[in-house]
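Undergrad:
2 protein chains.
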Amino acid sequence: EIAEALFPLAARPLVDVRVLLTAGPTREPLDPVRFLGNRSSGRMGFALADALEALGARVTLITGPTSLPGPRVTERVDVETALEMHGAVMSRATEYDIFVATAAVADYRSAAPAENKIKKNADELTLRLVRNPDILAEVAALPLPPFTVGFAAETDRVEEYARDKLNRKGLNMIAANHVGGAQGGFERAENALTVIWHDGQRELPMMDKTRLARELAALIAERYQEHHAASS
Amino acid sequence: EIAEALFPLAARPLVDVRVLLTAGPTREPLDPVRFLGNRSSGRMGFALADALEALGARVTLITGPTSLPGPRVTERVDVETALEMHGAVMSRATEYDIFVATAAVADYRSAAPAENKIKKNADELTLRLVRNPDILAEVAALPLPPFTVGFAAETDRVEEYARDKLNRKGLNMIAANHVGGAQGGFERAENALTVIWHDGQRELPMMDKTRLARELAALIAERYQEHHAASS
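Same order as they appear, the protein sequences are chains A and B. Residue numbers 12 to 243, in my numbering, belong to the letters of the first sequence in order. Residue numbers 12 to 243, in my numbering, belong to the letters of the second sequence in order.
(1) In terms of residues, what are the limits of the beta strand (DSSP E) holding residue 136(A)?
(2) Start and end of the alpha helix (DSSP H) containing residue 106(A)?
(3) What is the C-beta distance between residue 170(A) and residue 205(A), in whole angstroms, given that I count them as a contact (C-beta under 8 Å)?
(4) Decide yes or no for the touch test of the stretch 158 to 170 of chain B against the stretch 66 to 83 of chain B: beta carbon pairs closer than 8 Å, at least 3 of them.
(5) Between the Cα of residue 167(B) and those of 25(A), 242(A), 42(A), 213(A), spot the shortest distance and give me the residue it belongs to.
(6) Mind the definition here: the stretch 36 to 56 of chain B touches the stretch 45 to 54 of chain A only if three or more C-beta pairs lie below 8 Å; say whether that holds.
(7) At the 8 Å Cβ level, is residue 182(A) part of the contact set with chain B, yes or no?
(8) Which term fits residue 52(B), buried or exposed, when burial requires 16 or more other beta carbons within 10 angstroms of its beta carbon?
(9) Counting only beta-carbon atoms, is residue 194(A) nearer than 8 Å to chain B?
(10) How about the stretch 136 to 146 of chain B and the stretch 134 to 143 of chain A: do they share at least three Cβ pairs that are nearer than 8 Å?
(11) Answer yes or no: does any C-beta atom of chain A fall closer than 8 Å to that of residue 67(B)?
(12) Rounding to the nearest angstrom, what Cα-Cα distance links residue 117(B) and residue 107(A) in this structure?
(13) Go ahead and label residue 83(A) buried or exposed: buried means 16 or more other beta carbons lie within 10 angstroms of its beta carbon, across all protein chains shown.
(14) Could you tell me the alpha carbon to alpha carbon distance between residue 12(A) and residue 23(A), rounded to whole angstroms?
(15) Can we count residue 31(A) as close to the ligand COA, meaning its CB is less than 7 Å from some heavy atom?
(16) Taking a contact to mean a Cβ-Cβ separation below 8 Å, would you say residue 188(A) touches residue 203(A) in this structure?
(17) For residue 46(A), would you say it is in contact with chain B, using Cβ-to-Cβ distances shorter than 8 Å as the test?
(18) Do residue 147(B) and residue 112(B) count as a contact pair if the criterion is CB distance below 8 Å?
(19) Buried or exposed: residue 56(A), going by 16 or more other Cβ atoms within 10 Å of its Cβ?
(20) Which word fits residue 30(B), buried or exposed, when buried means at least 16 other C-beta atoms lie within 10 angstroms of its C-beta?
(21) Would you grab the beta carbon distance between residue 59(B) and residue 224(B) for me? Rounded to a whole angstrom, and I think it's under 8 Å.
(22) Applying the 10 Å Cβ sphere with the 16-neighbour rule, what's the burial state of residue 155(A)?
(23) Within 10 Å of its beta-carbon, does residue 177(B) have 16 or more other beta-carbons around it, so buried, or fewer, so exposed?
(24) Buried or exposed: which applies to residue 61(A), given that a residue is buried once 16 or more other Cβ atoms fall within 10 Å of its Cβ?
(25) Going by alpha carbons, who is nearest to residue 153(A) out of 122(A), 88(A), 164(A), 110(A)?
(26) Given a cut-off of 8 Å on the beta-carbon distance, is the pair residue 32(A) and residue 88(A) in contact?
(27) Apply the 10 Å Cβ neighbour rule to residue 217(B) and answer buried if 16 or more other Cβ atoms are within range, or exposed otherwise.
(28) If you follow the alpha helix (DSSP H) that residue 173(B) is in, where does it begin and where does it stop?
(29) Let me know the secondary structure DSSP gives residue 30(A) once reduced to three states.
(30) In the DSSP assignment, what are the bridge partners of residue 119(B)?
(31) Expressed to the nearest angstrom, what Euclidean distance is found between the alpha-carbon atoms of residue 165(A) and residue 101(A)?
(32) Alpha carbon to alpha carbon, how far is residue 235(B) from residue 174(B)? Give it in angstroms, no decimals.
(33) Who are the neighbours of residue 257(B) on chain A, taking C-beta pairs under 9 Å?
(34) Using a C-beta cutoff of 8 Å, does residue 12(B) count as contacting chain A?
(35) Can you find a CB in chain A that lies within less than 8 Å of the CB of residue 229(B)?
(36) Do residue 151(A) and residue 185(A) have their C-beta atoms within less than 8 Å of each other?
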């Protein structure tokens with residue numbers, strides 16, 4: 012009650028809203044020591060989880076391996092592979108109002124991970140990979156999907172690819188950023204985002220990831236409320 | 012001088028000995044965001060670098076990406092890929108008395124890393140990998156090689172594979188550990204080692220990596236001095 016007196020309801024627009032949020036990379040084992048990984052630090056996702064909790068939401072974080080101290084969330088579930096993340100998300104998704112997919116989920120996993128360490132006899136090695144399930148698209152395709160927010164990390168044609176992903180997967184919103192080069196993103200403390208929805212978009216310019224997460228959380232709350240009002 | 016008074020020379024057997032030590036994993040980029048990695052934390056290598064400095068050695072550490080605070084070494088060089096580590100080691104190796112290869116260097120790299128993020132259209136993907144140079148074998152094969160210590164992380168037939176590696180690569184010593192399962196090693200605080208040389212071996216049982224590093228450093232010093240006495 013004290014919190015509500017200090018922060019008027021308008022400043023905590025997500026009170027009692029349940030958010031399921033994925034963060035970090037996934038790791039796809041090739042054998043007991045080697046894996047396919049990616050450069051996601053989990054920093055943007057952790058900051059966004061914090062920012063959504065600060066707006067009143069009850070956040071369940073499902074995260075791949077990171078070296079970050081946990082954010083203060085209602086619940087945290089640690090996973091390693093894309094299949095584990097898929098299971099953790101799909102078993103919970105229908106219980107949430109908002110789903111935010113910041114995790115950099117590996118698109119492919121080894122077709123046949125080795126039980127013992129692979130011996131390196133050959134000069135060349137061919138690795139056969141198979142597609143992982145598309146968690147984001149599966150959540151958005153549920154009969155009664157949560158308000159679904161995706162991320163797109165692109166090295167080129169950022170806005171075009173992101174809007175295509177929004178439409179193709181039936182998302183409510185997508186936050187796109189440019190990775191590689193000096194533009195921020197993976198493994199950096201700063202980032203910039205182009206946030207796109209069906210009939211609009213907004214630029215969040217280069218800034219500290221903590222501040223960027225707060226602005227994005229406020230934008231998610233705004234779009235969620237508009238969507239909620241329109242559909243009820 | 013105070014240190015020498017407190018620690019008699021016998022307790023600092025590596026005073027003025029130059030040690031080149033590699034640690035951590037390497038990362039082999041597949042595209043700007045994805046990479047092939049491995050589970051080496053760098054912890055054993057960092058602890059060993061510390062322990063060797065404590066015995067009086069001047070250690071140059073060449074390390075792949077880790078999230079560890081640096082050990083107190085004479086010099087530290089950060090690299091990412093196996094090729095970078097190869098370059099950093101081979102340009103320096105002849106200047107050192109001892110070479111210790113604790114790094115988990117990727118055996119393979121992508122035959123053709125993509126400049127832009129790979130689009131995931133196919134259900135299956137085939138990754139063509141090519142062999143990385145064998146840094147350890149190249150150092151041991153130098154005309155006047157340093158005293159060369161390798162590591163072997165094996166999931167099965169540990170001692171047999173390690174002794175084979177010692178002979179095949181012409182090492183002076185190899186420290187073998189069993190990875191996978193509950194036996195310690197990668198991503199764990201404890202480890203056990205079987206240390207093997209041409210005409211002997213010693214078991215260092217499961218213990219904290221810091222203590223294990225001290226025992227291994229003492230054993231390296233002992234074998235190095237014996238080797239040095241025999242060859243001079």
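Even for Gly, the Cβ is constructed at its ideal location relative to N, Cα and C. Predicted model only: the values in this text are computed from it and were never measured.
TA: Result, derived from the coordinates:
(1) 135 to 142
(2) Secondary structure note for residue 106(A): it is in no alpha helix (DSSP H), with a DSSP letter that is neither H nor E.
(3) 6 Å
(4) Contact between the stretch 158 to 170 of chain B and the stretch 66 to 83 of chain B is absent, because fewer than three Cβ pairs lie under 8 Å.
(5) 42(A)
(6) yes
(7) no
(8) buried
(9) Summary for residue 194(A): the model assigns pLDDT 49, below 50, so the residue's position carries little reliability, and this model does not support an answer.
(10) yes
(11) no
(12) 41 Å
(13) exposed
(14) Because residue 12(A) carries a pLDDT of 47, less than 50, the predicted location of this residue cannot be relied on, and the following value inherits that uncertainty. Distance between the alpha carbons of residue 12(A) and residue 23(A): 12 Å.
(15) Here there are no bound small molecules, and the ligand COA is not part of this structure.
(16) yes
(17) yes
(18) yes
(19) buried
(20) buried
(21) About 4 Å separates the Cβ atoms of residue 59(B) and residue 224(B), confirming a contact at the 8 Å cut-off.
(22) Answer is exposed; the Cβ neighbour count stays below 16.
(23) buried
(24) The residue is buried, with at least 16 neighbouring Cβ atoms inside 10 Å.
(25) Selection 122(A), 88(A), 164(A), 110(A) evaluated against residue 153(A) yields 110(A) as nearest (Cα-Cα).
(26) no
(27) By the Cβ neighbour-count rule, residue 217(B) is exposed, with fewer than 16 other Cβ atoms within 10 Å of its own.
(28) 169 to 180
(29) Taken through DSSP and simplified to helix, strand or coil, residue 30(A) comes out as strand.
(30) Residue 119(B) pairs with 142(B).
(31) Taking the straight line joining both Cα atoms gives about 26 Å.
(32) 18 Å
(33) In the structure as shown, chain B starts at 12 and stops at 243, and residue 257(B) therefore has no counterpart that could be examined.
(34) Its pLDDT being 46, under 50, residue 12(B) is placed unreliably in this model, and the coordinates cannot settle the point.
(35) no
(36) no
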